[in-house]
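Protein chains in written order, with the working numbering: chain U, 1 to 213; chain P, 214 to 426.
All C-beta atoms, glycine included, are put in the ideal place defined by N, C-alpha and C.
These numbers come from a predicted model, not from an experiment.
Report on one structure; see the data block that follows.
Protein chains: 2
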Amino acid sequence: MAVDIPDVVVRRLPTYLRALRQLADDNVDFVSSHQLGERLHVTPAQIRKDLSYFGRFGKQGRGYNVQLLITDLDQILGLDREWETILVGVGRLGRAIIGYPGFSPEGFNLSAAFDSDSEVVGQEISGTLVRHTSDIPLFTQNNRVDIAILAVPARAAQLVADDLIRNGVHSFLSYAPIPLEVPRGVYVRSLDPILAMEEMTFYLRDSERGGWK
Amino acid sequence: MAVDIPDVVVRRLPTYLRALRQLADDNVDFVSSHQLGERLHVTPAQIRKDLSYFGRFGKQGRGYNVQLLITDLDQILGLDREWETILVGVGRLGRAIIGYPGFSPEGFNLSAAFDSDSEVVGQEISGTLVRHTSDIPLFTQNNRVDIAILAVPARAAQLVADDLIRNGVHSFLSYAPIPLEVPRGVYVRSLDPILAMEEMTFYLRDSERGGWK
DNA sequence: GAGTGTGAATTTCTTCACAGCT
DNA sequence: AGCTGTGAAGAAATTCACACTC
């Protein structure tokens, strides 16, 4: 049972995994924390320390076996299984998400899409049938839902999330530009372009042409 | 000249600003760090400390004047002006971004969109003409570009970024699921759904039904 | 010889606690 | 009386540095 892993560590693991997969594609067998760190702009010590929370994966003098470490990280991150996801909100962004080919290779299966607009309900988009949001309770009763992806307008996001939580969903990837208010034990990750942009403008603010760091 | 502001602080400011705007909409005149912190699940001390990096905005015994603090944060974050942005990649995601109504109220003006697919070049989407990526040099010569939003496939992202950097763009919001390799002085913020999902599955991994925190 | 794993040192970030202003 | 702003304390994260293993 994972006990006391700092959040920042968990946040870095997927990036390590991605770099390792790339190395594997390039038929690299072993990689040192130094080499990996160079690729990712992370110090070698950080990589070693991060991994040490989970076990001992390296070989002294050699580094890490790429394939083995991929397998281990897959298991640590829970990527050695399928995750059932649903999408709520089938507007322009929702459609882009449905059609996004990146989820399925990682084990994320989009099992259903929901919208409240009767215009779009009943349509099949990129192979997924769009259901009415009022069908959510029935669907969650009969189907496993591990993660809900929210692509609804800001004003609807909280209500939709509340509804999903009531129906047993406790993990969200939200594209809505508002902070969702959720009870303890519900996990939310937010992808908010506005927050990201506003953070950038701070650094851009008084730097016409480079060199503000 | 802003000197030594921790990154984490800058990352929180936009969330404060957002909450303050909401309070302003509700005609709240003054807010204490305690009240604001409660809304955002942040400790009052953190808010006070964060703001103290930039000046003294509060009134003892009263808290912060909401309107005034909004104005100050707007200025601190550089949101008291227009920012010229361009979009590269007009696929499904790119179209969603072009149509997203959230950017313009924050002062982000999408001045052009680019794609390499001749099918879409020349089309006007949500009022923005799509140009060919080969027009980027000419465009950047004649127009200010503060931030480029990348919505291109992973395999194209690095090349597109390199090209833009050569043409003087040094700030990116990237939706591509790869870590962009950029020279010093170029700022990249990445919105990567896969990384976010993989972080979540770690916490979900061995918790069927809540309580893993 | 090369590179891990890890306590210890260091740096960074957060919280405390209170003097001082309104 | 109430709440800010901030040094100082405390906690967390990162980096160092080296004993140890392959």
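Hey, does residue i have any beta-carbon neighbour from chain U nearer than 8 Å?
i, result
"Thr256(P)", "no"
"Thr228(P)", "yes"
"Gly302(P)", "no"
"Pro350(P)", "no"
"Leu377(P)", "no"
"Phe321(P)", "yes"
"Phe327(P)", "no"
"Gly312(P)", "yes"
"Glu295(P)", "no"
"Glu332(P)", "no"
"Phe415(P)", "yes"
"Leu253(P)", "yes"
"Val223(P)", "yes"
"Gln259(P)", "no"
"Glu337(P)", "no"
Nearest CA to the CA of residue i: which residue from the options?
i, options, result
"Leu282(P)", "Tyr229(P), Gly381(P), Trp296(P) and Ala369(P)", "Tyr229(P)"
"Val9(U)", "Phe415(P), Ser420(P) and Asp419(P)", "Phe415(P)"
"Gly398(P)", "Asp405(P), Glu412(P), His383(P) and Gly315(P)", "His383(P)"
"Gly91(U)", "Ser33(U), Ala45(U), Asp80(U) and Ala176(U)", "Ala176(U)"
"Asp376(P)", "Ser387(P), Pro350(P), Asp328(P) and Phe327(P)", "Pro350(P)"
"Thr341(P)", "Ile311(P), Asn356(P), Val333(P) and Val358(P)", "Ile311(P)"
"Val401(P)", "Ala196(U), Arg189(U) and Tyr187(U)", "Ala196(U)"
"Phe139(U)", "Val42(U), Phe114(U), Gly102(U) and Ile76(U)", "Phe114(U)"
"Ser52(U)", "Arg39(U), Arg95(U) and Ile76(U)", "Ile76(U)"
"Glu412(P)", "Trp83(U), Leu93(U), Ala96(U) and Arg166(U)", "Trp83(U)"
"Asn27(U)", "Pro179(U), Asn65(U), Gln123(U) and Leu204(U)", "Asn65(U)"
"Ala258(P)", "Arg252(P), His247(P) and Phe267(P)", "His247(P)"
"Ile218(P)", "Thr256(P), Gly268(P), Phe243(P) and Ser324(P)", "Gly268(P)"
"Ser324(P)", "Leu236(P), Gln336(P), Asn380(P) and Asn356(P)", "Asn356(P)"
"Ile178(U)", "Phe243(P), Gly307(P), Gly315(P) and Asp263(P)", "Gly315(P)"
"Leu292(P)", "Phe270(P), Gly276(P), Tyr313(P) and Glu319(P)", "Glu319(P)"
"Asp7(U)", "Phe57(U), Asp50(U) and Ser104(U)", "Asp50(U)"
"Ile299(P)", "Ile407(P), Phe243(P) and Val343(P)", "Val343(P)"
"Glu124(U)", "Gly94(U), Ser104(U) and Gly63(U)", "Gly94(U)"
Give a yes or no on whether 8 Å exceeds the smallest Cβ distance from residue i to chain P.
i, result
"Pro6(U)", "no"
"Tyr187(U)", "yes"
"Tyr53(U)", "no"
"Gly78(U)", "yes"
"Ala196(U)", "yes"
"Thr71(U)", "no"
"Met1(U)", "Its pLDDT being 41, under 50, Met1(U) is placed unreliably in this model, and the value from its coordinates should be taken loosely. Chain P contact via Cβ: present."
"Asp146(U)", "yes"
"Phe30(U)", "no"
"Gly127(U)", "no"
Cα separation between residue i and residue j?
i, j, result
"Ala367(P)", "Arg21(U)", "14 Å"
"Asp330(P)", "His345(P)", "8 Å"
"Tyr59(U)", "Ala370(P)", "Here residue 59(U) turns out to be Lys, not Tyr, going by the sequence shown. If I take the Cα positions, the gap works out to 34 Å."
"Ser245(P)", "Leu372(P)", "48 Å"
"Asp419(P)", "Val145(U)", "15 Å"
"Leu253(P)", "Gly61(U)", "48 Å"
"Arg224(P)", "Val88(U)", "27 Å"
"Arg48(U)", "Val120(U)", "49 Å"
"Arg294(P)", "Leu204(U)", "12 Å"
"Gly18(U)", "Ile378(P)", "Inspection of the sequence shows that residue 18(U) is occupied by Arg rather than by Gly. The alpha-carbon atoms of Arg18(U) and Ile378(P) are separated by roughly 24 Å."
"Phe321(P)", "Ala309(P)", "16 Å"
"Val395(P)", "Ser174(U)", "28 Å"
"Gln354(P)", "Thr256(P)", "46 Å"
"Leu269(U)", "Leu249(P)", "In the structure displayed, chain U extends from 1 to 213; residue 269(U) sits before or after that span and is not available."
"Asp192(U)", "Leu404(P)", "8 Å"
"Pro227(P)", "Gln280(P)", "15 Å"
"Ala374(P)", "Leu393(P)", "8 Å"
"Ser339(P)", "Ser317(P)", "13 Å"
"Ser347(P)", "Gly335(P)", "13 Å"
"Asn380(P)", "Asp242(P)", "46 Å"
"Phe270(P)", "Glu251(P)", "19 Å"
"Asp238(P)", "Tyr100(U)", "36 Å"
Does at least one heavy atom of the ligand SAH sit under 7 Å from the Cβ of residue i?
i, result
"Gly99(U)", "Questions concerning the ligand SAH fall outside what the structure shown contains, since it holds no ligand whatsoever."
Is the stretch 138-158 of chain U in contact with the stretch 70-78 of chain U, if contact means three or more CB pairs nearer than 8 Å?
no
Which parts of the stretch 103-147 of chain U are runs of the beta strand (DSSP E), unbroken and 3 residues or longer, counting only runs that do not cross its ends?
108-115 and 128-132
Curious, which full-length alpha helix (DSSP H) runs of at least 4 residues does the stretch 271-320 of chain P contain?
279-289 and 305-312
Those runs of the beta strand (DSSP E) which lie wholly inside the stretch 355-408 of chain P and span at least 3 residues:
360-363, 384-387 and 400-403
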